[in-house]
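First comes the structure, then the notes that go with it.
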């Protein structure tokens, strides 16, 4: 079969699909999942995970309000903020929140014995995967974007006009945009990975350990292998480099820099590839509630 | 005989002695655990580092093998306090992973399926129940922490010169004591979390997270406030400074010139975590359950 035939078949297949129906089904799935997942008691710890840094910075603002607001102090706080985003949010906060949110999307339905309702509905399983993934992404992104925004606001607000000038006339606004982009991409990347692994493993500890181990040791692997890790792309997009020495430097060092556009596009491609894998895995899925 | 004529007849067989009654739970829990192939695999993998350490001890005491190897520093093969500290750190991390897997199975299942009232309706107290579950964790985690460490110590004592054992006998105390506090803390945390959360999947995740998120938050607190006390939330670090003190070694951070948390504070936090876990267990393990509508 020639390439032209393949393209023609793909076009014909694409025209035959009821995309409008898929779109409305995905919209309804996202709406229902967000309603179920965003404002529940079970998610309180996730809010804490996202908002504890904000509370610590708030305490810092209150207790250290008499500190001098010179450029050196702003520089120091910029480094602290970079540490919070790069080491806490990207490595721990978003990682574990995504582990909880995205693993729960299907495993939670199995634990609550409700997945068969979704499978019996006239919805393609791929649509189910995409809808649930988007819902998880909306929840995680909204929460962590808000937290990062609050961190940046609180960190610079205590400097008064100097802080305002740093944000709006200096590099602050660019850094904020980068942090928001990195946060959103981290939610998508980790989310897709955890969703796929939750379809493979019953227990979240295995995907958790596997991804955490991989993301930690990926920098020592060859360049092509590093591209299979989420943090490879995220590190490229971080606007402030942390002066970390010793073993912790493995979290921040960028071995082969690529342009921010390529990094963002690369992570999106990785996310789509993992989602495609999830769509393949969901077809093999059989519900055995008794095994849980 | 007609069915309605069957009357209640009390059990007349021999009773398990009261002191060892909790071991019934332990026995059945172990039987369940060893049905899982993944658990057996994890247990074997947890013991693999000990084999490497045993190999190292063999080389350290064998001049012929050392001659075959490329020359390194003079003290390259020294089996002293630092070596046993490393063994303990590696084995306790393996114990942590094992604990994440096993801990949530022990209580969460009983609570989810409403089995606790059945246990407690027998001549079996809540303390016995907790003790039985703790014994599972204690025996299991001991088998990957102080037991292999003491075996390695014995191996070294057997291979080294005759006076080595007497000059290093003090190391038995930190091996056992430090393992004991780590095992107790891991076991109580995992039992408390599984009693609190009830769902096994969630409990596993929470136990795993409990050792990473507080550590990250503590470091962030240190960076923002400019203090060192945030490290009190890093349980692995606290254990390592207790271990370093036990083995009369400078800890990793101390050698880097960083300020350190005092050892009594580290002990205090670990004991506090154990007590807090016991309080949670006391609150959650009841022979009744409130079901929210």
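Chains as they are written, first to last, in this note's numbering: chain A, 1 to 292; chain B, 1001 to 1293.
Heads up, the beta-carbon is just placed ideally off N, CA and C, and yes, glycines get one too.
Under the Cβ criterion of 7 Å, residue 144 of chain A is not counted among the residues facing chain B. For the C-beta of residue 1145 of chain B, not a single chain A residue is nearer than 8 Å; the gap to the nearest is close to 19 Å.
Residue 1007 of chain B is classed as exposed because its beta carbon has fewer than 16 other beta carbons within 10 Å across all chains shown. Residues of chain B with a Cβ closer than 9 Å to the Cβ of residue 107 of chain A are, in chain order, 1201. The Cβ-Cβ distance between residue 1031 of chain B and residue 1104 of chain B does not fall below 7 Å.
In the DSSP assignment, residue 114 of chain A falls outside any alpha helix (DSSP H) and carries neither an H nor an E. DSSP places residue 238 of chain A outside any alpha helix (DSSP H), giving it a letter other than H or E. Within the region 199–216 of chain A, the residues whose Cβ lies closer than 9 Å to some Cβ of chain B are 202, 203, 204, 205, 206, 208, 209 and 212, listed in chain order.
Look at residue 1160 of chain B here: in three-state DSSP terms it is coil, with no helix or strand label.
CA-CA distance, residue 1281 of chain B to residue 1148 of chain B, rounds to 30 Å. Residue B:1248 holds the alpha-carbon nearest to the alpha-carbon of residue 1081 of chain B among B:1248, B:1027 and B:1025.
For residue 175 of chain A, the enclosing alpha helix (DSSP H) has its first and last residue at 172–200.
Neighbours of residue 99 of chain A in chain B, taken as residues at a C-beta separation under 7 Å, are given in chain order as 1205. Bounds of the alpha helix (DSSP H) holding residue 1129 of chain B are 1126–1142.
Listed along chain A is no residue with a C-beta nearer than 8 Å to that of residue 1274 of chain B; the closest approach is about 22 Å. Classified as buried, residue 1088 of chain B has 16 or more neighbouring CB atoms from the shown chains inside 10 Å of its CB. With respect to chain B, the C-beta atom of residue 34 of chain A has no partner C-beta closer than 7 Å. Of the residues A:96, A:88, A:240 and A:218, the one whose Cα lies closest to the Cα of residue 1220 of chain B is A:88. At least one beta carbon of chain B lies nearer than 7 Å to the beta carbon of residue 92 of chain A. The criterion of a C-beta distance shorter than 7 Å is not satisfied by residue 1244 of chain B and residue 1136 of chain B. At a C-beta separation below 8 Å, residue 1140 of chain B has no neighbours in chain A, since its nearest C-beta there lies roughly 16 Å away. DSSP places residue 283 of chain A in the helix class (H, G or I) of the three-state scheme.
Its chain contains 54, 57, 58 and 61 as the residues whose beta carbon lies nearer than 7 Å to that of residue 154 of chain A, once the 5 sequence neighbours on both sides are disregarded; these appear in chain order. By the Cβ neighbour-count rule, residue 269 of chain A is exposed, with fewer than 16 other Cβ atoms within 10 Å of its own. Residues of the region 1212–1238 of chain B that bring their beta carbon within less than 7 Å of a beta carbon in chain A comprise 1212, 1213, 1216, 1217, 1220, 1221, 1223, 1224 and 1225, in sequence order. Considering only A:139, A:125 and A:222, the residue with the shortest C-alpha distance to residue 101 of chain A is A:139.
Taking the CA atoms as reference points, residue 111 of chain A sits about 7 Å from residue 289 of chain A. Contact check for residue 1144 of chain B and residue 1095 of chain B: beta-carbon distance about 5 Å, within the 8 Å limit, so the pair qualifies.
Not a single C-beta of chain B is nearer than 7 Å to the C-beta of residue 289 of chain A.
In this structure, the alpha-carbon of residue 7 of chain A lies about 29 Å from that of residue 188 of chain A.
Within the model, the alpha-carbon separation for residue 1170 of chain B versus residue 1048 of chain B is close to 26 Å. Counting other Cβ atoms within 10 Å of its Cβ, residue 1035 of chain B stays below 16 and is therefore classed as exposed. For residue 84 of chain A, the closest Cβ of chain B is nearer than 7 Å. Per DSSP, residue 1099 of chain B is one residue of the alpha helix (DSSP H) stretching across 1081–1112.
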